[in-house]
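Read through the structure below, which is laid out as structure tokens, and then see the notes.
If you want it as structure tokens, here you go:
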């Protein structure tokens with residue numbers, strides 16, 4: 005970023021680049037547009053490999069929209085910014101946010117590549133979608149309203165705190181691994197992989213078709229539904245929590261360290277702990293065991 009009101013643009017790549025291969029700048033409707041056509045060329049007599057990239061520095065005090073689109077290239081944000089609408093889309097390449105970002109909305113999307121947040125991200129709405137690649141955040145993520153994380157073929161890993169009103173995460177081929185989750189509502193679905201959460205608040209649903217579910221409920225509220233089609237479920241509860249439990253398995257044991265009522269087969273369990281339960285827990289494992297400890 006720049007200290008003044010200037011935009012600086014630097015292009016790196018082939019020293020023999022033609023004029024039509026250089027970046028173009030235009031302006032319209034109070035917007036500045038920067039284009040860069042990068043075409044891959046193969047010359048069997050040229051053994052030099054050039055790292056082609058376009059570096060754009062925007063003013064430090066700029067508070068507006070940022071829209072970056074890349075085709076067969078990656079997008080990286082290296083400095084801290086406070087912006088309005090941020091849109092980062094890549095058709096074939098990764099997207100990395102390597103510094104702290106504050107925005108009204110953040111929309112990241114890659115059709116073939118990973119998405120990674122190496123800086124803290126704060127916004128009203130946050131969306132990260134990748135068709136073929138994983139999503140990972142090593143820093144905290146905070147949204148006033150919704151956080152949406154979707155990977156069609158890849159895992160979802162959040163190493164730090166995630167705070168929002170609503171959290172929606174879906175992985176079609178890969179696990180979901182979250183650290184500390186502070187939300188009111190959540191919807192977590194995993195088609196092929198396990199769901200593991202260190203601590204999660206609020207109420208909602210966690211479902212996996214092929215894999216287990218392991219989580220610790222921290223200040224839970226309302227109704228919680230846990231469903232594992234092919235895998236086990238493990239739940240840890242606060243010692244002071246008052247709750248109701250309904251647990252059922254088709255092929256597996258149900259274990260608790262508190263008093264429950266069981267059917268004759270022992271595969272259907274209910275419990276009512278405390279005089280004023282604040283949460284209803286429903287756990288179903290079609291092919292696996294269920295373990296609940298308080």
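Residue numbers (my numbering): 5 to 298. All C-beta atoms, glycine included, are put in the ideal place defined by N, C-alpha and C.
Spatial distance of residue i from residue j (CA atoms)
i: residue 112; j: residue 230; result: 29 Å
i: residue 20; j: residue 29; result: 21 Å
i: residue 52; j: residue 66; result: With a pLDDT of 47 at residue 52, under the threshold of 50, the predicted position of this residue should be treated as unreliable, and no value is reported.
i: residue 191; j: residue 261; result: 27 Å
i: residue 61; j: residue 13; result: 6 Å
i: residue 106; j: residue 166; result: 15 Å
i: residue 145; j: residue 278; result: 34 Å
i: residue 148; j: residue 188; result: 11 Å
i: residue 290; j: residue 141; result: 32 Å
i: residue 80; j: residue 265; result: 55 Å
i: residue 239; j: residue 15; result: 53 Å
i: residue 288; j: residue 126; result: 35 Å
i: residue 77; j: residue 244; result: 52 Å
i: residue 224; j: residue 280; result: 14 Å
i: residue 132; j: residue 70; result: 16 Å
Own chain, CB closer than 7 Å to residue i, minus 5 neighbours either side, in chain order
i: residue 44; result: The predicted model places residue 44 with a pLDDT of 42, which falls under 50 and marks its position as unreliable, so this point remains unresolved.
Reference residue i; option with closest CA among the options
i: residue 104; options: 115, 84 and 121; result: 84
i: residue 177; options: 217, 116, 78 and 155; result: 155
i: residue 74; options: 56, 64, 63 and 68; result: 56
i: residue 294; options: 274, 265, 251 and 285; result: 251
i: residue 158; options: 169, 208 and 198; result: 198
i: residue 39; options: 26, 134 and 246; result: 26
i: residue 172; options: 152, 123, 223 and 284; result: 152
i: residue 284; options: 248, 5 and 267; result: 248
Neighbourhood of residue i by C-beta distance below 6 Å, restricted to the same chain and skipping five residues each side
i: residue 118; result: 98, 137 and 138
i: residue 211; result: 193 and 231
i: residue 271; result: 253
i: residue 286; result: 229 and 250
i: residue 221; result: 241
i: residue 214; result: 196 and 234
i: residue 259; result: 295
Range covered by the beta strand (DSSP E) that runs through residue i
i: residue 85; result: 85-94
i: residue 140; result: 139-141
i: residue 269; result: No beta strand (DSSP E) contains residue 269, which DSSP labels as neither H nor E.
i: residue 245; result: Note, residue 245: premise wrong, no beta strand (DSSP E); not H, not E.
i: residue 114; result: 105-114
i: residue 298; result: Note, residue 298: premise wrong, no beta strand (DSSP E); not H, not E.
i: residue 255; result: Unbroken run through residue 255: none, as it is neither H nor E.
i: residue 218; result: 217-232
i: residue 186; result: 180-186
i: residue 32; result: 28-32
i: residue 168; result: Element bounds for residue 168: n/a, residue is neither H nor E.
i: residue 157; result: Looking at the DSSP string, residue 157 is not in any beta strand (DSSP E), and its letter there is neither H nor E.
i: residue 23; result: Careful: residue 23 lies outside any beta strand (DSSP E) and carries neither H nor E.
i: residue 12; result: 12-16
Check: residue i C-beta below 7 Å from any heavy atom of the ligand ADP
i: residue 93; result: No copy of the ligand ADP occurs in the structure displayed, which carries no ligand at all.
Contact set for residue i: own chain, Cβ-Cβ below 8 Å, skip 5 residues either direction
i: residue 8; result: 63
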